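In the order they appear, the protein sequences are chains D and U.
Read in the working numbering, the first sequence has 254 at position 253, and its numbers run on one by one without any break.
Read in the working numbering, the second sequence has 329 at position 328, and its numbers run on one by one without any break.
Here a beta-carbon is modelled for each residue, glycine too, at the ideal position from N, C-alpha and C.
In this text the structure is predicted, and so the values were computed from the model without any measurement.
2 protein chains.
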Amino acid sequence: MRNHRILLRRVPSGLPTPEDFDSDEVDVPAPADGQFLSRTIWLSLDPYYRNIMKGSQFYAERLTPGDPMCGETVAQVVESRHPGFAGGDYVVVRNGWQDYGVSDGVGVRKLDPSAAPLSTALGVLGMPGLTGYAGLVYLGEPRPGQTVVVSAATGPVGSTAGQVARLVGARPVGIAGSPEKCRYAVEELGYSACANYRDGNLREQLEAMCPDGIDVYFDNVGGDTLGAVLANLARDARVVLCGMIEAYSMDQPPPGPFLGPVVAARATLKGLVVYDWLHKQAEQQRVVAAWIRDGVFRYREDVTEGLQGAPGAFCRLMQGRNFGKALVRVAPEQRA
Amino acid sequence: MRNHRILLRRVPSGLPTPEDFDSDEVDVPAPADGQFLSRTIWLSLDPYYRNIMKGSQFYAERLTPGDPMCGETVAQVVESRHPGFAGGDYVVVRNGWQDYGVSDGVGVRKLDPSAAPLSTALGVLGMPGLTGYAGLVYLGEPRPGQTVVVSAATGPVGSTAGQVARLVGARPVGIAGSPEKCRYAVEELGYSACANYRDGNLREQLEAMCPDGIDVYFDNVGGDTLGAVLANLARDARVVLCGMIEAYSMDQPPPGPFLGPVVAARATLKGLVVYDWLHKQAEQQRVVAAWIRDGVFRYREDVTEGLQGAPGAFCRLMQGRNFGKALVRVAPEQRA
């Protein structure tokens, strides 16, 4: 049995390209005592991998060229020498970009395959969903009638934040990067309006869409987009700083926006790291799963077939050209 | 009786120069019913006047060239047609840069001349003192043992924030612009250390002075100084954004610092406007006056003699070349 892997060939300069990756095939590793082997089914693609490549993700080890790419996956246990896991179990585990992985079980979450589609454990019912939910509810503190702006509005984090805003009675306004995404944001996700940042004049677009100012901003991108929002803050606004995707592909951190409007608005900016909110994961899954069952909460997946497509899909993600949660189907859910 | 006035001649380009001001002499105005006339004793010079000149101070009317310069003053009532004020009363009133002013009493605070030196009503026991006190106590929330960094550390706002930090058991570290100011900060104001930002490498200076990271930052200047602090934040840090003096003399708002470190630290940035905290003014005066009487709280004034010196003194202030609360003694406290 062979293990197909995608490796980091070199740290990208700027936006990643498929040439920054390599692949190989090695023997499938054998689990030691206290470990289990699992076969990868779904691979999650997330912008923060770009930070890990350059060593600037503060809660993860830097990758070295030649290493297999890191990544969160849904997998099925093949062989277990760990008392907590048995063959056939479905798990969320960091197998990375490869067909098989060995784990000691730390940080691994078991999945009930009958509760929800397995892929949702990497998106709407996984880390991205928890990020959007906990960040908006506990840091953004939206109130009914308030205006909540969300950037990367149709992605797995943003679409959760935007729909939570709507379902708690606030008025969500999205920011996205194409007319199709903006239409989907309004028609499917229930945003009241959605600005296309590629149209320019984002500050004026938001001013028109948020005539009473922005009470909450859930920021996924940083940069000029953040500056355009700050210029439209309402008094006592809250800004949730989640991730600055615009900066991930830059060697030097870019300057940020002028913060004078934060003073004028008496606004509060708060940094969000999802790993601080794992104690809310059960709540998030219960609440969001119920909304999905009730048909009031939608999610969208952008699926690439086969591990060999992962580099290209990751590059599209970093250009904002995915549409929905970026996933790679590495293998079928049921073993052939 | 003639009224000597300093006028705005033109909106400065960049840092103000004395040529941006003019002066004239007019008749002393007569108070109407419901007004009083007062003679100016002390004129306060504050960086935010520069914002009013260019119309970017959000809570004040823009000045038009030819207008008398605006400003907070301590004055004595000369003639009153207002039921709340009598001849001889000492008041804090916005007479601006002139010998005499007329007021309808709105926002005017009466002073007890025996309670504290009159000039302190414009500094340590006035708006700057309230800014440093309320901003640090209620937004910064310093705790004993925590590290509190204060920029413009020897000015009236910063020296209040720094000394409050010390008196609540935290460890204050200052940022100032000369060896003399840094020495004064440590030896007189009780800062544990003080970095001279003109020496460069502020980020490294702060790293050495704050080995456990910065728990609270009281920001008076913005810009690169703020960036150097953000790079040294401790987990769950609070940053009080008070005023961005570096930007006041710029026509276009400059970029701000990269906010990635705010996410990593899970920090909170909060905008401070002193006029939201007037309900704490009595508390601030009671607490700080007691500390001054006990000899544990110091203040320093930078006094210019005569109204004609106000333009030069204001220009020095905007270059950070004052040392202590910038005041102009317009007339003796007692009438000759």
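Could you list which residues in chain U have their beta carbon closer than 9 Å to that of residue i, in chain order?
i, result
"Asp295/D", "Per Cβ cutoff of 9 Å: no residues; Asp295/D is ~33 Å from chain U at best."
Can you pull the chain U neighbours of residue i, defined as C-beta to C-beta under 7 Å?
i, result
"Val263/D", "Leu242, Leu270, Gly272"
Tell me the DSSP bridge mates of residue i?
i, result
"Asp105/U", "In DSSP, Asp105/U forms no bridge with anything."
"Cys195/D", "Gly175/D"
"Gln99/D", "Arg6/D"
"Pro219/D", "Before going on, a small fix: residue 219/D reads as Phe here, not Pro. For Phe219/D, which the question treats as bridged, DSSP gives the partners Val151/D, Val241/D."
"Lys326/U", "Glu302/U"
"Tyr91/U", "Gln77/U, Leu112/U"
"Gly257/U", "Gly257/D"
"Pro69/U", "Leu8/U"
"Leu234/U", "Ile215/U"
Which bits of chain D does residue i rub up against, with CB to CB less than 9 Å?
i, result
"Gly321/U", "What Gly321/U touches in chain D: nothing, since even the nearest Cβ is about 19 Å away."
Measure from the C-beta of residue i to each C-beta in chain D and report whether the shortest distance is under 8 Å.
i, result
"Phe219/U", "no"
"Met54/U", "no"
"Gly156/U", "no"
"Ala245/U", "Checking the sequence shown, residue 245/U turns out to be Met, not Ala. So yes, Met245/U belongs to the interface."
Is the Cβ of residue i closer than 8 Å to any Cβ of chain U?
i, result
"Phe259/D", "yes"
"Gly159/D", "no"
"Gly223/D", "yes"
"Pro255/D", "yes"
Name the chain U residues whose beta carbon is nearer than 8 Å to that of residue i?
i, result
"Tyr267/D", "The residue you asked about is not Tyr; residue 267/D is Arg in the sequence shown. What Arg267/D touches in chain U: Lys271, Gly272, Leu273, Val274, Asp277."
"Ala248/D", "Phe259, Gly261"
Can you name the start and end residues of the beta strand (DSSP E) that residue i belongs to?
i, result
"Glu26/D", "22 to 28"
"Leu38/U", "37 to 45"
"Lys271/D", "269 to 272"
Can you have a look at residue i and say buried or exposed, based on whether 16 or more other CB atoms are within 10 angstroms of its CB?
i, result
"Met54/D", "buried"
"Met2/D", "exposed"
"Ser14/U", "exposed"
"Ala162/D", "buried"
"Asp216/D", "buried"
"Asn202/U", "exposed"
"Gly146/U", "exposed"
"Gly321/D", "buried"
"Thr74/D", "buried"
"Arg40/D", "buried"
"Gly88/U", "exposed"
"Thr132/D", "buried"
If I follow the unbroken alpha helix (DSSP H) through residue i, where does it start and stop?
i, result
"Tyr49/D", "49 to 55"
"Leu207/U", "203 to 210"
"Gly163/D", "157 to 168"
"Pro312/U", "311 to 319"
"Leu119/U", "Leu119/U -> no alpha helix (DSSP H), and no H or E assigned at all."
"Trp292/U", "282 to 294"
"Gly133/D", "128 to 135"
"Tyr185/D", "180 to 188"
"Ala229/U", "224 to 231"
"Ala248/D", "246 to 249"
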